[in-house]
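If you read the protein sequences in the order shown, they are chains U and F. Going by my numbering, 366 is the number at position 366 of the first sequence; the sequence numbering is gapless. One rule links them: number in my numbering = place in the second sequence (from 1) + 1000. All C-beta atoms in this analysis are idealised placements derived from N, C-alpha and C, irrespective of residue type, glycine included. Since the structure comes first, as structure tokens, the remarks are kept for the end.
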Amino acid sequence: MIALKALSNNKLRGFLTMLGIIIGVGSVITMLAIGQGSKKSIQAEISEMGSNMIMIMPGSNRMGGVKMSSDDMQSLKIQDYESILEKAAYVQCVSPLVQSSSQAIYGANNTPTSAYGVNADYLEIRQYKISDGEMFTDQDIKTAAKVCIVGATVVSNLFTNGENPLGKTIRFGSIPFRIIGVLESKGYNSMGMDQDDMIIAPYTTVQKRILAITYIQEIVCSALSEEYTDQAIDEITDILRSNHKLKEDASDDFEIRSQEEMSSMMTSTSDLMTTLLAAVAAISLLVGGIGIMNIMYVSVTERTKEIGLRMSIGARGRDILLQFLIESMLLSITGGLIGVLFGIGAAYVVKFLANYPIAIQAWTVLLSFLVCTATGIFFGWYPAKKAANLDPIEAIRYE
Amino acid sequence: MGKEVIRLDNIRRDFKVGDEIVHALRGVSFTIEEGEFVTIMGTSGSGKSTLLNTLGCLDTPTSGEYYLDGVSVRTMGKNDRAVLRNRKIGFIFQNYNLLAKTTAIENVELPLLYNSSVGSKERRERAVEALKSVGLGDRLLHKSNQMSGGQMQRVAIARALVNNPAVVLADEATGNLDTRTSFEILVLFQRLHAEGRTIIFVTHNPEIAQYSSRNITLRDGQVTGDVHNDNILDAAEALAKLPVQND
Ligand SMILES: Nc1ncnc2c1ncn2[C@@H]1O[C@H](COP(=O)(O)OP(=O)(O)O)[C@@H](O)[C@H]1O
Ligand SMILES: [Mg+2]
């Protein structure tokens, strides 16, 4: 009550004092909202792609000092895929992957896209679903059948009249493919890639009929579950090393990446960003706190006579201490409240203007609030203590 | 013989100023009974303010005993003395010391704010009553900067009375007021005296002593005179005799 009155007597000064806190809290909220937002969208993305996914690529090991690009590497063979399928106990699904980019053509329409040569397990690994039609069979793989599953983007680009794509034959490059299924749409991922812009076909077909190669470009697997990713990677490493007859001291001629690893890599950068931004914001909060301390000192000096009067009519040291503490807390909490609103507002502005994902989490708001209150108490303490320790006789004589 | 409210026993107060020791009070002893209106007079530097600070439990004597309403003050801690001031003493200052930009009623409520046994309703009621008793019943919501000196001092008196103190201490309470307003305040003090209040009034104006029941004179930190006034003048009469201003 007393404190509120003291503040309302000096609104402009109160506001200016709070400005530091407002900016501090506002930026904490905004920064964390942006940081958490991008982290969340990356995580959502990754779990959508299958959080237990493992990718095996030909590795970029050194041969005679010449670094080979992974495109030139042909170290992965169908035998490797078969060995993993047979031997790896921690691996649930495994599929070879060969990929080719070309024009897909239907009638007068054509669209550039990629064909992924895989087996039927690929859908399970990448969490794709078939919305219409069905997946190709093992028999199709054996015979390198010219059948395919198409993504929604390809469908909309090629079948502009809204015809049913099932059973139609499109050409990919020069090879005709009969459409036997359509993928359920997944939309764009967080990196802006259209996940529906693809064609899925038996790997044998892509390998032999399009690329004319005998090796495979990649093997994708899924671990039994996310926790078994590390065991699965160890297992695969052993299998591939023995398949490739690598000596004890030779380095791997393949590279294994897990989704988990990639997700922690990506989230760690966003975590780092968040930490840095939060640190900057914390510094401005500190500056705001010092502003409060400053103004509280001024306030105590200005009101020395009032303090003396209050003491002479019976206020104890702790009553005075409390009065000034409440006043500085009121400053910081009001500043914090305005800062929270300001920060949330700014986060939404970022969301709408920059189309950036934001996530405002209750704990960040709560945390900044607590920090604010703590700032008020911490920086208000010394001025308040000074007020409480004044000698009433001297204070009341102060002019 | 009335009840003893104040008892001073050989009070000494020394101040250390650099290497020297200033003896502000050199063995002051007296007792004041309930219902007395005592003026304390003395030249500047004679120790009046130091004595009043001691009586008001703001200062502790270097030696000697002080009993306020039967309680020994000398051994009390800071907080206990604050509570004692809150319950037993009403202060009135020369320059009023009202809170700025604050209404009369809020100023008067202030001492009760530091007394947790008084609820907000009772606080308001007692403040209104105190303001009525000093003739400001129609100025409850006036702010301190909207009032004249005499009105502000009345508010200060109401504030000093609101906790129903054992003793009212006034330091040059009429020092800042013109003659007419001073007499108006003096009339108020005499009325409080008549109602049985114990009042100690520090002044350097010898005239005022004639309106009190007892006058103590201080000199160099010692009591040099202590006379009971058998012929108390009536301040209201004196006020009536004053030439009337026409503004
Ligand atoms: N806080 C203090 N420190 C040092 N000397 C003081 C202090 N207060 C009062 N004195 C000294 O004590 C003496 C009495 O002062 P005071 O009680 O203020 O006299 P009065 O109010 O009668 O003018 C003076 O000599 C004054 O200088
Ligand atoms: Mg004095």
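Rounded Cβ spacing between residue i and residue j (contact assumed at less than 8 Å)
i	j	result
U/G26	U/G339	4 Å
U/I200	U/V98	No, U/I200 and U/V98 are not in contact; Cβ-Cβ is about 12 Å, not under 8 Å.
U/I295	U/T17	4 Å
U/V28	U/L240	Their Cβ separation, rounded to whole angstroms, is 47 Å, which puts U/V28 and U/L240 out of contact at 8 Å.
F/A1194	F/V1162	The Cβ separation is near 19 Å, so there is no contact.
F/D1069	F/V1005	6 Å
F/L1136	F/A1158	7 Å
F/F1189	F/F1201	7 Å
U/S258	U/T229	5 Å
F/D1009	F/G1064	5 Å
Nonlocal neighbours in the same chain, by C-beta distance under 8 Å from residue i, ignoring five residues either side
i	result
U/K208	A144
U/I236	I54, I56, I84, A88, V91, C221 and I256
F/D1014	I1021, V1022, H1023, A1024 and T1062
U/A278	V28, M31, L32 and G35
F/V1223	V1028, S1029, F1030, I1216 and T1217
Beta bridge counterpart(s) of residue i as assigned by DSSP
i	result
U/N109	U/Y106
F/T1174	In DSSP, F/T1174 forms no bridge with anything.
F/L1161	F/L1161 is not bridged to any residue.
U/M198	U/S114
F/L1025	F/R1013
F/F1093	Looking at the DSSP assignment, F/F1093 forms no beta bridge with any residue, so it has no partner.
F/M1147	Bridge partners of F/M1147: none, in fact.
U/G26	U/G26 is not bridged to any residue.
Where the beta strand (DSSP E) through residue i begins and ends
i	result
U/M193	Note, U/M193: premise wrong, no beta strand (DSSP E); not H, not E.
F/V1202	I1199 to V1202
U/R257	F254 to S258
U/P383	First-last for U/P383: A362 to A388, but that is the alpha helix (DSSP H), not the beta strand (DSSP E).
U/T169	T169 to F172
F/G1225	Q1222 to H1228
U/E163	No beta strand (DSSP E) holds U/E163; DSSP gives it neither H nor E.
U/I130	I130 to G133
F/Y1066	S1063 to L1068
Sequence-distant residues of the same chain with beta carbon closer than 7 Å to residue i, five excluded per side
i	result
U/M135	A120, L123, I149 and G181
U/S312	P392 and I396
F/L1177	G1149, G1150, Q1153 and I1185
U/K305	A395, I396 and Y398
U/Q231	Y90
F/R1085	G1056 and C1057
U/A281	G24, S27, V28 and M31
U/G50	I125, R126, Q127, S222 and Q259
Contacts around residue i, its chain only, beta-carbon distance under 6 Å, and the 5 residues preceding and following it disregarded
i	result
F/N1215	T1039, A1209 and V1227
U/D194	T153 and Y188
F/G1175	Q1094
U/E255	M57 and G59
U/Y106	L158 and I170
U/G20	V287, G288 and G291
F/R1139	A1104
U/A384	L321, F324 and L325
U/T274	G35
U/Y382	none
Boundaries (first-last residue) of the alpha helix (DSSP H) holding residue i
i	result
F/E1034	Note, F/E1034: premise wrong, no alpha helix (DSSP H); not H, not E.
F/R1214	Run containing F/R1214: none in the alpha helix (DSSP H); it sits in the beta strand (DSSP E), R1214 to R1219.
F/H1142	From DSSP, F/H1142 is part of no alpha helix (DSSP H); its letter is neither H nor E.
U/F324	G317 to A354
F/A1082	K1078 to K1088
F/G1135	Run containing F/G1135: none; DSSP gives neither H nor E here.
U/P427	What the structure shows of chain U is the stretch from 1 to 399, and residue 427 of chain U is not part of that stretch, so it cannot be assessed.
F/F1189	T1179 to A1194
U/V182	Here U/V182 belongs to no alpha helix (DSSP H); instead the beta strand (DSSP E) covers I175 to L183.
F/L1110	A1104 to L1113
U/T229	T229 to N243
F/A1235	A1235 to K1241
Any residues in the stretch 290 to 306 of chain U with a beta carbon nearer than 8 Å to a beta carbon of chain F? Which ones, in chain order?
Correct list: K305 and E306.
Residues from the stretch 10 to 38 of chain U in contact with chain F, defined by Cβ distance under 9 Å:
So the list is empty, because no residue satisfies the distance condition.
May I ask you to list, following chain order, the residues of the stretch 305 to 334 of chain U that have a beta carbon less than 9 Å from some beta carbon of chain F?
Listed by position, the residues of the stretch 305 to 334 of chain U near chain F (Cβ gap below 9 Å) are K305, E306, G308, L309, R310, M311, S312, I313, G314, A315, R316, G317, R318 and D319.
Cβ-based contacts, 8 Å cut-off: residues of the stretch 1103 to 1127 of chain F near chain U
Correct list: L1110, P1111, L1113, Y1114 and N1115.
Got a sec: which bits of the stretch 1138 to 1172 of chain F sit with their beta carbon under 9 Å from any beta carbon on chain U, in order along the chain?
Against chain U - using a Cβ distance shorter than 9 Å - the residues of the stretch 1138 to 1172 of chain F are R1159, A1160 and N1163.
Using a Cβ-Cβ cutoff of 7 Å, what residues of the stretch 1081 to 1101 of chain F are near chain U? List them in chain order.
Correct list: A1082, V1083, R1085, N1086, F1091, N1097, L1099 and K1101.
Contact residues within the stretch 1046 to 1070 of chain F, judged by C-beta distance below 8 Å to chain U
If the cut-off is 8 Å between Cβ atoms, the stretch 1046 to 1070 of chain F has N1053, G1056, L1058 and D1059 near chain U.
If you measure beta-carbon to beta-carbon, which residues of the stretch 373 to 396 of chain U are closer than 9 Å to chain F?
Listed by position, the residues of the stretch 373 to 396 of chain U near chain F (Cβ gap below 9 Å) are D391, P392, I393 and I396.
Note down, in chain order, all residues in the stretch 1174 to 1207 of chain F with a beta-carbon under 8 Å from any beta-carbon belonging to chain U.
Residues are counted here when their Cβ sits less than 8 Å from a Cβ of chain U; for the stretch 1174 to 1207 of chain F the count is zero.
Taking a cut of 7 Å between CB atoms, which residues from the stretch 1003 to 1025 of chain F lie near chain U?
Residues: none.
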